[in-house]
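Going by my numbering, 774 is the number at position 234 of the sequence shown; the sequence numbering is gapless. Beneath this line is the structure, given in structure tokens, with notes to follow.
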Amino acid sequence: MSHPAASDWPLIARLQEWESRLAGNLAGRGRFGVALYEFFRFGVKQAWACLFGGLMCALLLGTHWWYPKDALLARYDFLTLSALGIQALLLALRMETWSEARVILMFHVVGTGMEIFKTAAGSWIYPEANVLRIGGVPLFTGFMYAAVGSYLARVWRLFDFRFRAHPPLAATVALSVLIYVNFFAHHFIMDIRWVLFALTAVLFARTWVYFRIWRVYRRMPLLLGFVLVALFIWFAENIGTFANAWRYPNQAQGWEMVSITKLGSWFLLMIISYVMVSVVNRPQQITVADLPRTAGKGLVSSPSPIS
Numbered sequence: 541m542s543h544p545a546a547s548d549w550p551l552i553a554r555l556q557e558w559e560s561r562l563a564g565n566l567a568g569r570g571r572f573g574v575a576l577y578e579f580f581r582f583g584v585k586q587a588w589a590c591l592f593g594g595l596m597c598a599l600l601l602g603t604h605w606w607y608p609k610d611a612l613l614a615r616y617d618f619l620t621l622s623a624l625g626i627q628a629l630l631l632a633l634r635m636e637t638w639s640e641a642r643v644i645l646m647f648h649v650v651g652t653g654m655e656i657f658k659t660a661a662g663s664w665i666y667p668e669a670n671v672l673r674i675g676g677v678p679l680f681t682g683f684m685y686a687a688v689g690s691y692l693a694r695v696w697r698l699f700d701f702r703f704r705a706h707p708p709l710a711a712t713v714a715l716s717v718l719i720y721v722n723f724f725a726h727h728f729i730m731d732i733r734w735v736l737f738a739l740t741a742v743l744f745a746r747t748w749v750y751f752r753i754w755r756v757y758r759r760m761p762l763l764l765g766f767v768l769v770a771l772f773i774w775f776a777e778n779i780g781t782f783a784n785a786w787r788y789p790n791q792a793q794g795w796e797m798v799s800i801t802k803l804g805s806w807f808l809l810m811i812i813s814y815v816m817v818s819v820v821n822r823p824q825q826i827t828v829a830d831l832p833r834t835a836g837k838g839l840v841s842s843p844s845p846i847s
């Protein structure tokens with residue numbers, strides 16, 4: 541796999557020997573051992589991919605519970621500076637690549653633009669005062685969108701994505717533009733999200749994503765992957781609103797769970813996010829050379845648990 545984490549981050553390289561012993565011990569126990577090791581490896585890779593988003597969620601909760609209310613630096617400004625610090629630290633420690641940082645910057649710009657419009661339209665509010673903001677939008681919010689981009693860019697690399705029957709890039713870009721425009725336009729004209737759901741289903745109905753946890757490629761329908769990621773973003777949104785980072789109108793009198801209908805919005809945002817990452821990474825077709833791995837033959841070991 542290209543750009544393994546072990547070569548990007550020396551700390552991971554030190555764990556290679558331990559990981560190799562663990563893999564050998566579990567693989568020697570037969571199918572159950574292999575399944576157990578892949579489950580462990582999958583979790584480590586996912587945790588690695590979620591690093592930026594996980595740290596942001598931890599900051600939201602930590603500052604909600606313990607940040608001094610009379611602090612000279614507003615909580616939202618502290619979150620913005622902390623997000624910048626995390627970003628710089630990840631790059632300095634080579635826990636994030638510059639290509640991933642560029643993707644995050646794109647998400648920051650796209651997300652902040654939508655936030656400015658949505659808060660002006662009253663879709664949600666940021667109830668606390670601060671200095672580092674554009675209109676009614678604290679600057680840390682762009683990093684919440686960037687966390688989605690960070691996850692997708694990292695998971696693409698860590699699981700060495702390959703695809704079957706992937707739609708043309710021009711079609712997916714056109715779809716993502718329509719989705720982004722609808723996020724604004726539905727305030728003035730008819731909401732066409734159901735048309736967008738249908739177009740997404742038609743474009744990706746036959747698409748399979750192949751991902752490598754350890755030695756072999758597994759596969760799943762890409763549409764299912766979109767739904768699962770959107771679901772976890774919805775969970776994170778509940779953390780954000782619970783931490784009073786932002787509030788929807790129905791939460792003005794106190795916190796309640798974000799409506800499950802928001803899952804549709806996050807699904808559509810997932811499409812935009814995915815397309816932006818795919819423009820950078822360009823989906824690779826699964827090849828005949830990869831197929832022996834899917835059949836369990838010609839197995840080739842990967843160098844580290846999160847490579």
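All C-beta atoms in this analysis are idealised placements derived from N, C-alpha and C, irrespective of residue type, glycine included.
Neighbourhood of residue i by C-beta, 7 Å cutoff - its chain only, sequence neighbours within 5 removed
{"i": "residue 691", "result": "589, 590, 593"}
{"i": "residue 576", "result": "566"}
{"i": "residue 716", "result": "811, 812, 815"}
{"i": "residue 795", "result": "781, 782"}
{"i": "residue 669", "result": "614"}
{"i": "residue 723", "result": "654"}
{"i": "residue 636", "result": "630"}
{"i": "residue 765", "result": "749"}
{"i": "residue 712", "result": "743, 815, 818"}
{"i": "residue 739", "result": "715"}
{"i": "residue 687", "result": "592, 593, 596"}
{"i": "residue 667", "result": "784, 787"}
6 Å CB neighbourhood of residue i in its chain, flanking five on each side removed
{"i": "residue 665", "result": "787"}
{"i": "residue 750", "result": "702, 757, 759, 826"}
{"i": "residue 705", "result": "746, 747"}
{"i": "residue 695", "result": "589"}
Beta-carbon proximity list for residue i, same chain, < 8 Å, skipping 5 on both sides
{"i": "residue 707", "result": "743, 744, 747"}
{"i": "residue 774", "result": "798, 800, 802, 803, 806"}
{"i": "residue 573", "result": "565, 566, 567"}
{"i": "residue 587", "result": "594"}
{"i": "residue 618", "result": "603, 607, 611"}
{"i": "residue 638", "result": "631"}
Within 7 Å, strictly: CB atoms of residue i and residue j
{"i": "residue 640", "j": "residue 753", "result": "no"}
{"i": "residue 644", "j": "residue 656", "result": "no"}
{"i": "residue 798", "j": "residue 778", "result": "yes"}
{"i": "residue 770", "j": "residue 816", "result": "no"}
{"i": "residue 780", "j": "residue 600", "result": "yes"}
{"i": "residue 597", "j": "residue 785", "result": "no"}
{"i": "residue 626", "j": "residue 672", "result": "no"}
{"i": "residue 719", "j": "residue 698", "result": "no"}
{"i": "residue 727", "j": "residue 661", "result": "yes"}
{"i": "residue 689", "j": "residue 647", "result": "yes"}
{"i": "residue 685", "j": "residue 651", "result": "yes"}
{"i": "residue 683", "j": "residue 623", "result": "yes"}
Residue i burial status per 10 Å Cβ neighbour count (16 or more: buried)
{"i": "residue 613", "result": "exposed"}
{"i": "residue 801", "result": "exposed"}
{"i": "residue 806", "result": "buried"}
{"i": "residue 680", "result": "buried"}
{"i": "residue 677", "result": "buried"}
{"i": "residue 571", "result": "exposed"}
{"i": "residue 568", "result": "exposed"}
{"i": "residue 721", "result": "exposed"}
{"i": "residue 642", "result": "exposed"}
{"i": "residue 741", "result": "exposed"}
{"i": "residue 611", "result": "exposed"}
{"i": "residue 585", "result": "buried"}
{"i": "residue 792", "result": "exposed"}
{"i": "residue 762", "result": "buried"}
{"i": "residue 823", "result": "buried"}
{"i": "residue 649", "result": "exposed"}
{"i": "residue 725", "result": "exposed"}
{"i": "residue 605", "result": "exposed"}
{"i": "residue 709", "result": "exposed"}
{"i": "residue 808", "result": "buried"}
{"i": "residue 632", "result": "exposed"}
Any C-beta of chain D under 7 Å from that of residue i
{"i": "residue 816", "result": "The structure shown contains no chain D, having only a single protein chain."}
Any non-hydrogen atom of the ligand PLP closer than 6 Å to residue i Cβ
{"i": "residue 738", "result": "What this structure holds is no ligand at all, so the ligand PLP is not there to describe."}
message: I'd like the ranges of any beta strand (DSSP E) spanning at least 3 consecutive residues and lying wholly in the stretch 667-753.
response: 702-704, 748-752
3 or more residues per run - each beta strand (DSSP E) lying fully within the stretch 597-630: none
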